[in-house]
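Reminder that position 235 of the sequence shown reads as 235 in the UniProt record's numbering, one-by-one numbering, no gaps.
Cβ coordinates follow ideal geometry from the N, Cα and C atoms, glycine included.
Predicted model only: the values in this text are computed from it and were never measured.
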Amino acid sequence: MEQIPVITNAKQYKVFLGSHILEELLPFIKQEIDEYTKIFILTDETVGPLHLEKLMQALKGEDIVVYTVPSGEKAKTFDVYYNCLTFALENKLDRKSLLLAFGGGAVGDLGGFVAATFLRGIRFIQIPTTILAHDSAVGGKVAINHPLGKNMIGAFYQPEAVFYDLSFINTLPKREVRSGFAEVIKHALIHDEAFYRQLQTEVPSFEFLTGNTLLHALKKGIEVKSKIVKKDEKELGIRAYLNFGHTLGHAIEAEAGYGVMAHGEAVLIGMLFALKLSKDKLGLSFNEKELIEWVGQLGYETSINKQFSPEKLLQRMLQDKKTIGQEVRFVLLKEIGKPVVVTINHDDLLMHLKQFS
Ligand SMILES: NC(=O)c1ccc[n+]([C@@H]2O[C@H](COP(=O)([O-])OP(=O)(O)OC[C@H]3O[C@@H](n4cnc5c(N)ncnc54)[C@H](O)[C@@H]3O)[C@@H](O)[C@H]2O)c1
Ligand SMILES: O=C(O)C(=O)C[C@@H](O)[C@H](O)[C@H](O)COP(=O)(O)O
Ligand SMILES: [Zn+2]
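What follows is the structure, given as structure tokens:
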């Protein structure tokens with residue numbers, strides 16, 4: 001079992017990562033969670049039927065209530081958030097209750113936001129079940145979507161721990177593997193070329209993303225994230241680097257309708273666009289053809305679908321959380337592993353968006 005520390009001003013906790021992690025959950029809760037009462041498991045309509053029994057077995061003897069939300073982005077709505085709170089109130093959860101967010105990033109983001117706001121905050125543990133959640137379960141960004149923008153309503157609220165049992169990944173559909181791997185590529189590109197090269201060599205197709213290759217890729221991704229979050233928990237500065245690819249990625253997700261494109265698929269297109277901007281604006285020297293060929297083989301889309309109008313994407317980007325005033329700010333790379341935040345003017349951006357479609 002790997003243990004990766006996450007150190008923030010608000011809390012210090014560990015990511016327990018490996019293949020028999022669930023066995024460690026109840027001993028951890030009993031030892032580390034002071035005077036807890038009920039356990040509130042939040043899961044979704046896909047993960048519940050597949051894996052809830054295993055989690056319940058691991059928590060045998062505990063006082064548990066379970067609430068199941070729709071799968072995917074449909075969970076990150078005001079209505080579902082409200083229903084979670086109603087369920088928590090009706091079940092007489094109290095300040096000592098412990099929430100377990102059991103699922104992918106959508107359940108983690110929603111569950112974390114419920115935990116952050118119910119009774120002004122109860123403790124929670126992330127139990128991620130997707131590859132993407134190596135990112136979402138760590139670092140304390142929790143949120144729901146607004147029709148006008150992704151993750152617009154949320155908080156920074158750290159979990160007590162992350163229990164990342166990789167046996168859950170076995171049931172993940174290929175599309176979700178692809179989506180999650182995009183965030184691993186992101187962590188590599190913003191951190192170091194060696195990590196990026198290693199991924200490229202070790203994962204020519206997703207059949208290779210298993211066992212130790214998967215474990216080490218996720219571990220390294222979590223370490224990259226943890227290092228940045230330690231320095232800047234609330235995104236006052238360098239945490240924005242974790243947003244590489246997201247300025248356009250979130251705009252595409254919102255424009256397509258949440259859940260139509262998987263988060264990582266949209267972010268991957270956003271990263272390719274940011275790399276193109278990095279070459280034009282900062283003289284980044286990088287063979288992007290090689291990257292496009294690799295990710296194309298992995299089944300990613302590599303340009304903006306013509307259904308999305310550049311003007312509408314620009315409007316969406318004006319809602320991005322990095323936008324200040326009317327200035328759209330992108331995370332670009334001076335070199336692989338050397339991110340910077342750069343303002344791009346609207347006309348320039350429109351021209352590049354048109355070229356990239
Ligand atoms: N908080 C953060 O720092 C952060 C970071 C990255 C992404 N995110 C958010 O995370 C979300 C995407 O994460 P995700 O892709 O994990 O989300 P998800 O929860 O939508 O999961 C994707 C799909 O896979 C299913 N699924 C989950 N685990 C499964 C398993 N083991 N077997 C079979 N199916 C399974 C889900 O039911 C869902 O249909 C987005 O909303 C994104 O904005 C947040
Ligand atoms: O943890 C972060 O910081 C990130 O930016 C990680 C992203 O992968 C993630 O999608 C995050 O939710 C985006 O944050 P947002 O503030 O742009 O909504
Ligand atoms: Zn992301």
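> Going by C-alpha distance, which of D280, L333, R120 and Q12 is nearest M351?
Replying inline: D280
>> Can you tell me where the beta strand (DSSP E) holding P5 begins and where it ends?
In response: E2 to I7
> By how many angstroms is the C-alpha of D165 removed from the C-alpha of N212?
Replying inline: 14 Å
> Taking contact to mean at least 3 C-beta pairs separated by less than 8 Å, is the region 235-242 in contact with the region 196-207?
Replying inline: no
> When burial is assigned at 16 or more other CB atoms within 10 Å of the CB, is G296 buried or exposed?
Replying inline: exposed
> Helix, strand or coil: which one does DSSP assign to R95?
Replying inline: Judged by DSSP in its simplified three-state form, R95 adopts coil rather than helix or strand.
> Are the region 69-81 and the region 134-145 touching, with three or more C-beta to C-beta distances below 8 Å?
Replying inline: yes
>> By the three-class DSSP mapping on this structure, what secondary structure does Y300 have?
In response: coil
> Should the region 211-231 be called in touch with the region 4-21, which here means at least 3 C-beta pairs below 8 Å?
Replying inline: The region 211-231 vs the region 4-21: in contact.
>> Quick check on DSSP: helix, strand or coil for F308?
In response: coil
> How long is the line joining the alpha carbons of I304 and L353, rounded to whole angstroms?
Replying inline: Approximately 8 Å between the Cα atoms of the pair.
>> For the region 267-276 against the region 319-327, do three or more pairs of beta-carbon atoms, one drawn from each stretch, fall closer than 8 Å, so that the two count as touching?
In response: No: fewer than three Cβ pairs fall under 8 Å.
>> Do H263 and L132 have their beta-carbon atoms positioned less than 8 Å apart in this structure?
In response: In contact: L132 and H263 (Cβ atoms closer than 8 Å).
> Where does T77 sit, in a helix, a strand or coil, going by DSSP?
Replying inline: Three-state result, T77: coil.
>> Taking 7 Å as the cut-off, is the C-beta of A274 nearer than that to any heavy atom in ligand 2?
In response: no
> Just curious, the alpha helix (DSSP H) that E223 is in, first and last residue?
Replying inline: Here the alpha helix (DSSP H) through E223 covers G211 to K231.
> What number of angstroms, rounded off, separates the C-alpha of L218 from the C-alpha of A116?
Replying inline: Pairing L218 with A116, the inter-Cα distance amounts to about 26 Å.
> Helix, strand or coil for D280 per DSSP?
Replying inline: helix
> How would you label I324, buried or exposed, when you count the other beta carbons within 10 angstroms and need 16 or more for buried?
Replying inline: exposed
>> Can you tell me whether L236 is helix, strand or coil according to DSSP?
In response: Here DSSP, grouped into helix, strand and coil, assigns L236 to coil.
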